[in-house]
Amino acid sequence: MNGNIELPKIITMEEVEEKEAEWLVYPYIPKNCITIMGGDGGSGKTTTWCGAAASISAGKKVFFDSIPENFLVCNPQKVLFFSSEDSMEHTLKAKLRKCGANLRNILSVSLQDKLFKDIKFNSPILEALIERERPALVIFDPLQSFIPPNIQMGQRNTMRDCLSCLLGLGEKYSCTFLVICHTNKQSGVYGRKRISDSSDIWDIARSVLIVGQTSDGKRYMSHEKSSYDEAGQTAIFTINDGIAVFEQYSDKKDRDFVQEMDFDTRQAPQRRDAEHFIYEFLRNGEKLTKELDEAAEVAGISKNTLNRAKTELRKRRLLGSKSVGYGQSKVFYSYLIDKSS
């Protein structure tokens, strides 16, 4: 009855060659797979992927790679990126150059090229470019620009089908994919729910990274999903002159940073009121810190809110303090810093 139907070849598990996971950047970006990197606008996504691309192109350690440099063997490799949001001329080349990229190994297609609009996840032109250039890493920024026009992101399984073709390309050409996407800005949302538009995106990715900003103005990259190993620690970094500078690893995850930011947002009005109180109290000159604290308590300002206000004013170099005397006779004064002097 099925004589006219062409059937696929069945293989047994005995024929399958077992393979261990390989890593482009351990344990954050597995080779030949899809890694998703999400983040709000201005969170540092572009700086993060430019830093990774630059290091891979130059054969250097990626700034968030957890393998010690003495044990890491890196060779310069090609990176192919497609970006519809940032100008190569005005933004991306400078970022990549400052990060130490081997610019000959960084490949792209200009937005002005008439064929750029035809580059989609499932387009023959994408495979043809990968086959010709053989990049180690291909970056899409952002995801939405490279979805075929007939795909509806919110419809179940459509994004899985759309992105699954990348898995075939990864296996065929030993190519790794990093897909950049925007995150959900809804308050109190973190982890899986932060990836906008479709749960399929999370499901098909073997690794998910979320980039964000800490409450003290630094940046973090949280490893939210890892299919082949334990998730890596969160990388804390700063951005100096367009370069991501690693500071330390943290056990905190996206959830922790989001909740901290939400808390700070809720506390902002009270903190601003406390800052105004401090300014008015010290406007005519320095006062004993004890008097400032007592007056704030009488005014209904909590100790925690007052301390946050003091910290913020010190960070902005508007509030100073000093001690007078020694031992038990030592007293502390607070004063406003004159920015005009």
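In this text, residue positions in the sequence shown follow the numbering used here: the first is 3, and each later residue adds one. Even for Gly, the Cβ is constructed at its ideal location relative to N, Cα and C.
VAL64 and SER57 have their alpha carbons spaced roughly 5 angstroms apart. Counting the other CB atoms within 10 Å of its CB gives ALA130 a total below 16, which places it among the exposed residues. The residue among PHE179, ASP88 and LYS227 with its C-alpha nearest the C-alpha of GLY43 is ASP88. When secondary structure is reduced to three states using DSSP, MET15 falls in the coil class, being assigned neither helix nor strand. The beta carbon of ALA311 lies closer than 7 angstroms to those of ARG273, ALA276, GLU277 and ILE280 in the same chain, with the five residues before and after it left out. In the three-state reduction of the DSSP assignment, THR291 falls in the helix class.
Here MET15 is exposed: its Cβ has fewer than 16 other Cβ atoms, across all protein chains shown, within 10 Å. In the DSSP annotation of this structure, ASP67 is not part of any alpha helix (DSSP H), being labelled neither H nor E. Beta-bridge partners assigned by DSSP to ARG221: GLN215 and PHE239. For GLU249, no alpha helix (DSSP H) encloses it; the enclosing beta strand (DSSP E) starts and ends at 245 to 252.
Look at the region 115 to 165 and you find these whole runs of beta strand (DSSP E), each 3 residues long or longer: 139 to 143.
One alpha carbon belongs to ASP202, the other to LEU128, and they sit about 21 angstroms apart. Comparing alpha-carbon positions, the option among GLY329, SER217, LYS227 and ASN242 lying closest to VAL260 turns out to be SER217. Here ASP256 has TYR192, GLY193, ARG196, ILE212, GLY214, SER224 and GLU226 as same chain residues with Cβ atoms under 7 angstroms from its own Cβ, once five neighbours each way along the sequence are excluded. Residue state for SER110 is assigned as strand, using DSSP reduced to three classes. Sequence-distant Cβ neighbours of GLU135 in its own chain, meaning closer than 8 angstroms and more than five residues away, are LYS80, LEU82 and LEU109.
As the crow flies, the alpha-carbon of ALA301 is around 11 angstroms from that of PHE283.
LYS122 is classed as buried because its beta carbon has at least 16 other beta carbons within 10 Å across all chains shown.
When C-beta atoms of the region 155 to 174 are compared with those of the region 18 to 32, fewer than three pairs fall below 8 angstroms, so the two segments do not count as touching.
Shown here, TYR337 sits in a strand according to DSSP, grouped into three states. By the Cβ rule, the region 329 to 343 counts as touching the region 289 to 301, because three or more pairs are nearer than 8 angstroms. Per DSSP, GLY43 lies in no alpha helix (DSSP H) and is assigned neither H nor E.
Residues SER59, ALA60, GLY61, ASN104 and ASN107 of the same chain have their beta carbon placed closer than 7 angstroms to that of PRO78, with the five preceding and five following residues left out of the count. An exposed status is given to TYR251, since fewer than 16 other beta-carbon atoms sit within 10 Å of its beta-carbon.
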